[in-house]
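Data block below; observations after.
Residue numbers (my numbering): 246 to 578.
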């Protein structure tokens, strides 16, 4: 579905944007791939790797609606990956987080509607489910904006959905590069915030593949959640440095012991498919959508009441050996 199509990625020089671009260029023959982001140096560096004729590099900020509207002219599909993601930075600079993550989401929606973009998928995070920090709260607000945007579109062709997933192996700002740095510097121990801590775990390529598949599945209004394994942070530390002791340092501000991707309070809205869940909208649309059957003909079933997709109660935990293997696949030793 991406052959001869124009695709725009906000925040396109980030980890996801680079992997998404690599995958699209390998698997399809797109008309245009537009990288929309603020940092000219990152764009220059990315253009040294991806310089095919279809590539376009637009300097711009999602806070700038006019620039977004111009960049989306003739675009078929949009992936909204731009966000301020650092939890401590968001707590210290709350309005900056809100301007990018909430007002920026609104601007993406308006630009997509103005240009009659076919489909938009916004990337979310497990931190948006029952949020306890501003980053998570801002992404929850963003999710709600994108889901409600389908009503604004009405009978117009533009449709909006959201993809929510957990920690990405080795992405910037994650614990893996932090541990790697400490190990390379010859640290005497690895700091563990709490030995009980768990996280959902997904590779960058798995995240990209999930987003690509959901462009085919989506009808507009779905919040897609992949079925992925969990890890124990102590097992991650053991996998990366089996000979190093671990030191408990306490949970940081805005951090949870476990993450949730499908909250129990949304169980009446949650459908289970073969390899993913869908959380249906809380609002009624002006048109009918049967979320039980997606565009690929896959059928979902209602989950039990109070069902919660919780990293600490996940039926699938990675072993230490499996963590090592995934780290190797992700290029992390």
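All C-beta atoms, glycine included, are put in the ideal place defined by N, C-alpha and C.
Here residue 367 is buried: its Cβ has 16 or more other Cβ atoms, across all protein chains shown, within 10 Å. CA-to-CA, the gap between residue 409 and residue 486 works out to about 30 Å.
A straight-line Cα-Cα distance of about 46 Å links residue 467 and residue 433. At the C-beta level, residue 557 and residue 503 come within 8 Å of one another.
The Cβ atoms of residue 450 and residue 297 do not sit closer than 8 Å to each other. In the structure shown, residue 543 falls within a coil segment according to DSSP collapsed to helix, strand and coil.
Residues of the same chain with a CB within less than 8 Å of the CB of residue 559, apart from the 5 flanking positions on each side, are 443, 445, 474, 475 in chain order. Beta-bridge partners of residue 404 (DSSP): 364.
Every alpha helix (DSSP H) stretch that sits fully inside the stretch 393–452 and reaches 4 residues is listed by chain position as 420–429.
Contact annotation: residue 437 and residue 478 have beta-carbon atoms nearer than 8 Å. Residue 246 counts as exposed, since fewer than 16 other beta carbons sit within 10 angstroms of its beta carbon. In terms of Cα proximity to residue 324, the closest of 516, 253, 309 is 253. A Cβ-Cβ contact shorter than 8 Å links residue 377 with residue 501.
About 5 Å separates the beta carbons of residue 543 and residue 518, which is inside the 8 Å limit, making them a contact pair. For residue 479, the secondary structure class from DSSP, reduced to helix, strand or coil, is helix.
With distances taken between CA atoms, residue 309 lies nearest to 356 out of 301, 278, 356.
In this structure, residue 575 places its C-beta atom within 8 Å of the C-beta atom of residue 448. Within the DSSP bridge table, the entry for residue 491 names 435 as partners. For residue 507, the beta-bridge partners assigned by DSSP are 554. Between the alpha carbons of residue 526 and residue 354 lies a distance of about 17 Å. At a cut-off of 3 residues, the continuous stretches assigned as beta strand (DSSP E) that sit fully inside the stretch 291–370 are 300–304, 322–325, 364–368. For residue 289, the three-state secondary structure derived from DSSP is helix.
In this structure, residue 279 places its C-beta atom within 8 Å of the C-beta atom of residue 251. Pairing residue 421 with residue 491, the inter-Cα distance amounts to about 15 Å. When secondary structure is reduced to three states using DSSP, residue 281 falls in the strand class. About 11 Å separates the Cβ atoms of residue 328 and residue 282, ruling out a contact at the 8 Å cut-off. For residue 385, the CB contacts under 6 Å within the same chain, skipping 5 residues up- and downstream, are 373, 376 in chain order. About 6 Å separates the beta carbon of residue 498 from that of residue 336, a gap short enough to meet the 8 Å contact definition.
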